[in-house]
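A.B. asks: The opening position of the sequence shown corresponds to residue 270 in the working numbering, with each subsequent residue numbered one higher.
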Amino acid sequence: MKVFKQILFYFIIFVSVLVILASLLSLIYDLAYWYSKVVDFPRLQYLIVALICLLIFVLLNKKWGFASVFLAVGLLTAITIHATRILPYIVGDKPVPDVAQEAISQENSVGILIANVLITNKEAADFLEIVEQTDPDMLLVMEVDQWWVNQLQGLKVEYPYIMEYPLENAYGMALYSRFPLKDTEIKFFNHDDVPSFHAKVILPSGEAFRFHGMHPVAPVPSDKYPDNVGEEEVGLLKVGQLVAAESLPSIVAGDFNDVSWSHTSRLFGDAGSLKNVRLGRGLYNSFNAKSLIMRWPLDHFFVTREFALLELERLRKFNSDHFPMFAKLVLQKQ
């Protein structure tokens, strides 16, 4: 038992040092190295590991010298770093308010389902069943190639307003809407083969808002798909600037390939006065659906101040590495 405790003690010290270093690295925003961006993702996991390490270290440590105190302070610092990022999503204020009961208007509401279907997934039936059960007004589908667009053709009866841009590089997109889409545009920010969708949506009330569908590239290197290794992802910042210049209310949604507490996401929200619907409601980890432990929120809804939230839900998984997300929003009278 004594040997086991000693091994455990040194193992906890080793893990603690790794967590402390990763936590400090996550505070550095402007490094060009991809791993400095990815280290920002698993803050909940860092927090849990740091708490466990601190508890076990305190129980096992017999001598409180300088090194012991230094390690404990390092763990407390790591806990503070991650808690300040995560807690606002769980117990913080809601910058996007819940819609007041008297303000609920079906004519001014929109239900949006966003889903990264995974380009290698060739089982569409389960996903189409989720769409039928959820019955959204708008559906943004990401990682669609021509095969996926063919599978989604049946949606056009219920969703006659359409934008489609299938690609074989995992960044194709498709948008299906019950509501009319006007002034549709497909823009390319960082890459010539990574589209973003932009449209004016006309609600049944006659009111309108701007919808921006985004799927920036992942921060990890890839030999097969587009990446941003050595570059800054400017797509989100550019759409934030677009929103700031618009007079209409706006919704920005999609798989951002970035967590909502990241430096880029915060700058994006500030640039367009956009609010994250998750804040004050929960983490709603949407990736990785294939892992029980390594999960974080990558699929997002950001809205301007004119919107209130009626419903936010992470839907059941299908054969993708992302959970689909659904939000029902109400455009409030100003």
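For every residue, glycine included, the Cβ atom is placed at its ideal position computed from N, Cα and C.
May I have a chain-ordered list of the beta strand (DSSP E) segments no shorter than 3 residues that lie completely inside the stretch 439-483?
C.D. replies: For the stretch 439-483, whole beta strand (DSSP E) runs of length 3 or above, ordered along the chain, are 442-446, 450-457, 464-471 and 477-483.
A.B. asks: Across which residues does DSSP place I381 in a beta bridge pair?
C.D. replies: Numbered from its first residue, the sequence shown carries residue 381 at position 112. DSSP links I381 through a beta bridge to M407 and A596.
A.B. asks: Pick out whichever of S446, L408 and V486 has its Cα sitting closest to the Cα of N438.
C.D. replies: Stepping through the sequence shown from its first residue, residue 438 is reached at position 169. With distances taken between Cα atoms, N438 lies closest to V486.
A.B. asks: If you draw a straight line from the C-alpha of Y440 to the C-alpha of V413, how long is it?
C.D. replies: Within the sequence shown, the letter at position 171 stands for residue 440. Within the sequence shown, the letter at position 144 stands for residue 413. Between the alpha carbons of Y440 and V413 lies a distance of about 7 Å.
A.B. asks: Measuring alpha carbon to alpha carbon, tell me which of A577, A369, K544 and V386 ends up nearest V379.
C.D. replies: In the sequence shown, counting from the first residue as 1, residue 379 sits at position 110. The candidate whose alpha carbon is nearest that of V379 is A577.
A.B. asks: State the DSSP-derived secondary structure class of R574, mapped to helix, strand or coil.
C.D. replies: On the sequence shown, position 305 is the one that residue 574 refers to. DSSP places R574 in coil when its eight states are reduced to three.
A.B. asks: Helix, strand or coil for S534 per DSSP?
C.D. replies: Along the sequence shown, one-based indexing puts residue 534 at 265. S534 falls in the helix class under three-state DSSP.
A.B. asks: Rounded to whole angstroms, what's the CA-CA distance from Y358 to I431? Just pull it up for me.
C.D. replies: Counting from 1 along the sequence shown, the entry for residue 358 is found at position 89. Counting from 1 along the sequence shown, the entry for residue 431 is found at position 162. Using only the alpha carbons, I get a separation of about 33 Å.
A.B. asks: By Cβ distance, which residues of its chain are closer than 6 Å to H481, with the 5 residues on each side in sequence left out?
C.D. replies: Taking the sequence shown and counting its residues from 1, the one referred to as residue 481 is at position 212. Here the set comprises H467, V508 and V521.
A.B. asks: Three or more C-beta pairs under 8 Å: does that hold for the stretch 366-376 against the stretch 334-345?
C.D. replies: no
A.B. asks: So, are the CB atoms of L584 and K597 less than 9 Å apart?
C.D. replies: As a working note, residue 584 is residue 315 in the sequence shown. As a working note, residue 597 is residue 328 in the sequence shown. No; because the gap between Cβ atoms is not below 9 Å, this pair is not in contact.
A.B. asks: Is V368 helix, strand or coil when you go by DSSP?
C.D. replies: For this step, residue 368 is matched to residue 99 along the sequence shown. Correct three-state label for V368: coil.
A.B. asks: I'd like to know if the stretch 378-397 and the stretch 349-356 are in contact, where contact means that at least 3 CB-CB pairs between them fall below 8 Å.
C.D. replies: No: fewer than three Cβ pairs fall under 8 Å.
A.B. asks: According to DSSP, is Y430 helix, strand or coil?
C.D. replies: The count along the sequence shown starts at 1 and reaches residue 430 at position 161. Three-state result, Y430: strand.
A.B. asks: Would you grab the beta carbon distance between S446 and D406 for me? Rounded to a whole angstrom, and I think it's under 8 Å.
C.D. replies: The count along the sequence shown starts at 1 and reaches residue 446 at position 177. The count along the sequence shown starts at 1 and reaches residue 406 at position 137. S446 to D406, Cβ: 7 Å. Contact.
A.B. asks: For P593, count neighbouring Cβ atoms within 10 angstroms of its own Cβ and tell me buried if that reaches 16, exposed if not.
C.D. replies: On the sequence shown, position 324 is the one that residue 593 refers to. Counting Cβ neighbours within 10 Å, P593 comes out buried, since at least 16 surround it.
A.B. asks: Counting along the chain, where does the beta strand (DSSP E) carrying S285 start and finish?
C.D. replies: Locating residue 285 in the sequence shown gives position 16, where the first residue counts as 1. From DSSP, S285 is part of no beta strand (DSSP E) but of the alpha helix (DSSP H) over K271 to L294.
A.B. asks: Using only the alpha-carbon positions, how far apart do I573 and V599 sit?
C.D. replies: Translated into positions along the sequence shown, residue 573 becomes position 304. Translated into positions along the sequence shown, residue 599 becomes position 330. For the sequence presented, residue 573 should be read as Thr rather than Ile. Their backbone Cα atoms lie some 11 Å apart in a straight line.
A.B. asks: So is N377 buried or exposed if we call it buried at 16+ other beta carbons inside 10 Å?
C.D. replies: Taking the sequence shown and counting its residues from 1, the one referred to as residue 377 is at position 108. Buried.
A.B. asks: Quick one: residues in its chain with C-beta nearer than 8 Å to the C-beta of V288, no 5 flanking neighbours on either side, listed in chain order?
C.D. replies: Against the sequence shown, residue 288 aligns to sequence position 19. Only Y315, V318, A319, C322, L344 and A347 meet the Cβ criterion.
A.B. asks: Terminal residues of the continuous beta strand (DSSP E) containing G334?
C.D. replies: Walking along the sequence shown from the start, residue 334 turns up at place 65. Segment: none, G334 is in no beta strand (DSSP E) and carries neither H nor E.
A.B. asks: My assumption, with CB atoms under 8 Å, is that K363 sits in contact with G551. Please give the rounded CB distance.
C.D. replies: Here the question's residue 363 lines up with position 94 in the sequence shown. Here the question's residue 551 lines up with position 282 in the sequence shown. With a Cβ gap of about 11 Å, K363 and G551 do not count as contacting.
A.B. asks: Measuring alpha carbon to alpha carbon, tell me which of F595, I388, L409 and F570 ends up nearest S529.
C.D. replies: Here the question's residue 529 lines up with position 260 in the sequence shown. Considering only alpha carbons, the answer is F570.
A.B. asks: Indicate the three-state DSSP secondary structure (helix, strand or coil) for N545 in the structure shown.
C.D. replies: Numbered from its first residue, the sequence shown carries residue 545 at position 276. N545 falls in the strand class under three-state DSSP.
A.B. asks: By alpha-carbon positions, which one of G504, V426 and L472 ends up nearest to I455?
C.D. replies: Within the sequence shown, the letter at position 186 stands for residue 455. Selected option, being the one with the closest Cα: G504.
A.B. asks: Tell me which residue opens and which closes the alpha helix (DSSP H) that G523 is part of.
C.D. replies: Walking along the sequence shown from the start, residue 523 turns up at place 254. Looking at the DSSP string, G523 is not in any alpha helix (DSSP H); the run it does join, the beta strand (DSSP E), is S519 to D524.
A.B. asks: Could you compute how far the alpha carbon of I388 sits from the alpha carbon of I562?
C.D. replies: Position 119 of the sequence shown, counting from 1, holds the residue named residue 388. Position 293 of the sequence shown, counting from 1, holds the residue named residue 562. Each residue's Cα considered, the two are about 23 Å apart.
A.B. asks: Cα-Cα, which of N419, E515, P473 and L444 is closest to M483?
C.D. replies: As a working mapping, residue 483 is identified with position 214 in the sequence shown. It is L444.
A.B. asks: With DSSP as the reference, please indicate the residues paired to L581 in a beta bridge.
C.D. replies: Locating residue 581 in the sequence shown gives position 312, where the first residue counts as 1. A596, per the DSSP bridge assignment.
A.B. asks: Exposed or buried, what is N419 when buried is set at 16 or more other beta-carbons lying within 10 Å of its beta-carbon?
C.D. replies: Here residue 419 refers to the residue found at position 150 of the sequence shown. Exposed is the call here.
A.B. asks: Who are H569's beta bridge partners in DSSP?
C.D. replies: Position 300 of the sequence shown, counted from the start, is the residue given in the question as residue 569. DSSP, once it has assigned bridges, lists G523 as partnering H569.
A.B. asks: Heavy atom of the ligand COA less than 8 Å from the Cβ of L424, yes or no?
C.D. replies: As presented, the structure is devoid of all ligands, the ligand COA included, so that no description of it is given.
A.B. asks: How is the alpha helix (DSSP H) around K507 delimited, first residue to last?
C.D. replies: By one-based count along the sequence shown, residue 507 stands at place 238. It spans G504 to A514 - the alpha helix (DSSP H) in which K507 sits, taken as one unbroken run.
A.B. asks: Roughly how many whole angstroms lie between the Cα atoms of D644 and P473?
C.D. replies: Since the first and last residues shown for the chain are 270 and 603, residue 644 lies out of range.
A.B. asks: Once DSSP output is grouped into helix, strand and coil, what is the label at F587?
C.D. replies: The sequence position of residue 587 within the sequence shown is 318, counting from 1. Under the three-state reduction of DSSP, F587 is assigned to coil, being neither helix nor strand.
A.B. asks: Check F556 in the structure and name its three-state DSSP category.
C.D. replies: Mapped onto the sequence shown, residue 556 falls at position 287. Three-state result, F556: strand.
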